[in-house]
Amino acid sequence: GSFETLAIETSGGVATVTVNRPDALNALSGKVVEELARVCEVLNRLGGTGTSPASTGVHGTADDGAWPVRGVILTGAGGKAFVAGADIREMTGMDADQAEFYARSMHAVTLALETVPVPVIACVDGFALGGGCELALAADFIYASERAQFGQPEVNLGLVPGFGGSVRLQQRIGLGMARELIYTGRRIDAHEAHRLGLVNRVLPAREELLAAAAETIREIATKSPTAVALSKRSINQATGRTTTEGLDIEARTFRAAFGTEDMKEGTTAFIEKRAAVFPGR
Ligand code: HXC
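Start counting the sequence shown at 4; every next residue gets the next number (the UniProt record's numbering).
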């Protein structure tokens, strides 16, 4: 479909989703949230109606032209911001019910990003503030350019993180630093974000940033797509659970991987000392 606030481009198995409201530093208006939800729905149906072996819950088979997209890059347009947060102008016109709906709608988007069966990499070139930082945290991991800036400045507005920051920031960087960033509203640069483990890699500028993310997606694309999808699911389902619960999820996911054609091909190729050619199911 066509989008007002997003640009979607697919090339070489990489889908790039660009938040495209540069005049407002890509702030997440209600329209952006709605369109992100639509994109997530499509990304969660990758591979069409075909479903891989019962109980894996991973969509897509090689037969129906599956895995046409092997990874997603999430970024922002205009060269100044990834996303500068929720749309402050729009928020001032909301009542409490609308504000809660806004938060919950974006929560659904972040959860949907976490169930996309291929890796999602946020490429942050410029400001990732408030809801922008929270959107990036819903990606599998974050790459940043030298001019990236991260922060949760909600306290400056008399607000609190509303798109998942009070949950996912502490998961990513630990409680102490998450508290300090949220209480001070302070901005950190790409290198500090890298030291904190918020960012996996720092690249010089936008071109290298997008190229590095695409390269990582291509590297992952040489692996079993079902194994990658099941790994992602296992990791996300374990987040926030106890060790015992997480290990139970892992055992069941391991079992699901065990029956796949990808597992047969991967182990056979190893024994035969050749490169695996994964059917993707
Ligand atoms: C609406 C925004 C915006 C935002 C920037 N703009 N951020 N509009 N919502 N979050 C608009 C500005 O109004 C301005 O429009 C244009 O984008 C360029 O921004 P400037 O401020 O002129 O740029 P600059 O001086 O370079 O400053 C950049 C900035 C600053 C430091 C990023 O824009 C800023 O502090 N923005 C707000 C960041 C923030 O507080 N985010 C958290 C929001 S709360 P005009 O029309 O004047 O050119 C949040 C809560 C999530 O995210 C949970 C909700 C449920």
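For glycine and all other residues, C-beta sits at the position ideal for the given N, C-alpha and C.
Distance CB(residue i)-CB(residue j) smaller than 7 Å
{"i": "A151", "j": "V127", "result": "yes"}
{"i": "A131", "j": "F85", "result": "yes"}
{"i": "N239", "j": "E117", "result": "yes"}
{"i": "T229", "j": "D265", "result": "yes"}
{"i": "V45", "j": "T8", "result": "no"}
{"i": "G16", "j": "A224", "result": "yes"}
{"i": "G249", "j": "A259", "result": "no"}
{"i": "A217", "j": "Y146", "result": "no"}
Contact test: residue i Cβ vs the ligand SAM heavy atom, cutoff 6 Å
{"i": "R92", "result": "Ligands present in the displayed structure are limited to the ligand HXC, and the ligand SAM is not among them."}
Buried/exposed call for residue i, threshold 16 Cβ in 10 Å
{"i": "Q174", "result": "exposed"}
{"i": "F281", "result": "buried"}
{"i": "G161", "result": "exposed"}
CA-to-CA distance, residue j to residue i, given in whole angstroms
{"i": "R189", "j": "A106", "result": "22 Å"}
{"i": "R221", "j": "V72", "result": "11 Å"}
{"i": "N29", "j": "S5", "result": "18 Å"}
{"i": "T52", "j": "Y186", "result": "Its pLDDT being 36, under 50, T52 is placed unreliably in this model, and the coordinates cannot settle the point."}
{"i": "P207", "j": "A193", "result": "10 Å"}
{"i": "A272", "j": "A80", "result": "43 Å"}
{"i": "L212", "j": "R277", "result": "33 Å"}
{"i": "S148", "j": "P25", "result": "18 Å"}
{"i": "L49", "j": "V20", "result": "15 Å"}
{"i": "A279", "j": "A214", "result": "25 Å"}
{"i": "N23", "j": "E38", "result": "11 Å"}
Reference residue i, options the options, closest by Cα
{"i": "L142", "options": "P120, L178, S148 and R92", "result": "According to the sequence provided, residue 142 is Ala. The question's Leu does not apply to it. Nearest of P120, L178, S148 and R92 to A142, Cα basis: P120."}
{"i": "L233", "options": "F261, T225 and M94", "result": "F261"}
{"i": "R257", "options": "A278, K276, V231 and T245", "result": "The sequence given here places Phe at residue 257; Arg does not occur at that position. That would be V231, whose Cα lies nearest to the Cα of F257."}
{"i": "A102", "options": "V158, G165 and R48", "result": "G165"}
{"i": "P156", "options": "L140, G179 and E183", "result": "E183"}
Integer Cβ distance of residue i from residue j, believed to fall under 8 Å
{"i": "H110", "j": "G167", "result": "6 Å"}
{"i": "T263", "j": "R284", "result": "6 Å"}
{"i": "A89", "j": "G134", "result": "4 Å"}
{"i": "A125", "j": "L77", "result": "5 Å"}
{"i": "L172", "j": "L140", "result": "6 Å"}
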